Structures are given as structure tokens and as C-alpha cells.
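K.L.:
Going by the working numbering, the first residue of the sequence shown is number 5, and it counts up by one from there.
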Amino acid sequence: MGRPKRFIAGAVCPRCGEMDKIMMYSTDEGQFRECVACGFEDKQSEESDTSGELTTRVNQRKNEDDHTVKQVVFFKSAADDDEESSD
Ligand SMILES: [Zn+2]
Numbered sequence: 005m006g007r008p009k010r011f012i013a014g015a016v017c018p019r020c021g022e023m024d025k026i027m028m029y030s031t032d033e034g035q036f037r038e039c040v041a042c043g044f045e046d047k048q049s050e051e052s053d054t055s056g057e058l059t060t061r062v063n064q065r066k067n068e069d070d071h072t073v074k075q076v077v078f079f080k081s082a083a084d085d086d087e088e089s090s091d
């Protein structure tokens with residue numbers, strides 16, 4: 005509780021372009037950025053939520069692709085070989 009605002013070293017304000025003017029602070033609604041130079045404010049998306057969604061999506065897609073491709077390729081080449089050699 006009562007987390008202090010802290011500056012982000014090297015962060016550049018997207019509105020005024022000033023460096024080292026961005027502060028970060030957390031509230032019950034999430035994490036916010038604030039520029040002390042121009043008053044720009046921005047809500048940050050939750051890190052854990054974003055990375056979790058990304059990991060799940062990539063894993064699922066990769067698994068499906070790998071499984072399908074391997075099975076199709078193996079089955080097709082095996083059948084071709086068989087037909088040709090017995091002919
Ligand atoms: Zn600014």
C-alpha cells in the first residue's frame with residue numbers, strides 16, 4: 005500500500021518527447037505512466053495477462069502445426085514409395 009511513484013530511467017514521453025520525465029505508479033485499477041513535463045497519462049496493460057495470453061497462443065499453434073505436418077508428410081511419402089517399388 006502507498007507505493008511511491010518512481011521514474012523510469014531512459015523512458016521517453018510519447019507526447020512531448022522528454023526523457024526521464026515518465027513516472028510509474030500503481031493503483032487498484034492497474035499500473036499507470038505519467039509524464040511530469042506535460043501531464044501525459046497512460047494506463048499500462050498488466051504484464052502477467054499479456055505474456056500469459058501470448059504463450060498460450062504460440063504453444064497451441066505450434067503444437068497443432070507440428071503434428072499435422074509430420075503426419076501428412078510421412079504418410080504421403082511412404083505411400084508413394086510403396087506404389088513405385090511394387091510396380
Ligand atoms: Zn510529456
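C-beta atoms are modelled at their ideal positions from N, C-alpha and C, and glycine is treated no differently.
Quantities reported herein were computed from a predicted structural model and do not represent experimental measurements.
Identify the residues that DSSP records as bridge partners of residue 39: which are they?
P.N.:
Residue 39 is bridged to 26.
K.L.:
Residue range of the beta strand (DSSP E) that residue 47 falls in?
P.N.:
Its beta strand (DSSP E) spans residues 45-48.
K.L.:
For residue 10, list the residues DSSP reports as bridge partners.
P.N.:
DSSP, once it has assigned bridges, lists 28 as partnering residue 10.
K.L.:
Under three-state DSSP, which class holds residue 34?
P.N.:
In the structure shown, residue 34 sits in a strand (DSSP, three-state: E or B).
K.L.:
Counting C-beta neighbours from all protein chains within 10 Å, is the total for residue 42 16 or more, i.e. buried, or is it exposed?
P.N.:
Under this definition residue 42 is an exposed residue.
K.L.:
Skipping 5 residues on each side, what residues in its chain have a beta carbon closer than 6 Å to that of residue 46?
P.N.:
Cβ within range, chain order: 37.
K.L.:
Report the option in 21, 34, 30 whose CA atom is closest to the CA atom of residue 44.
P.N.:
Of the candidates 21, 34, 30, the one whose C-alpha sits nearest the C-alpha of residue 44 is 21.
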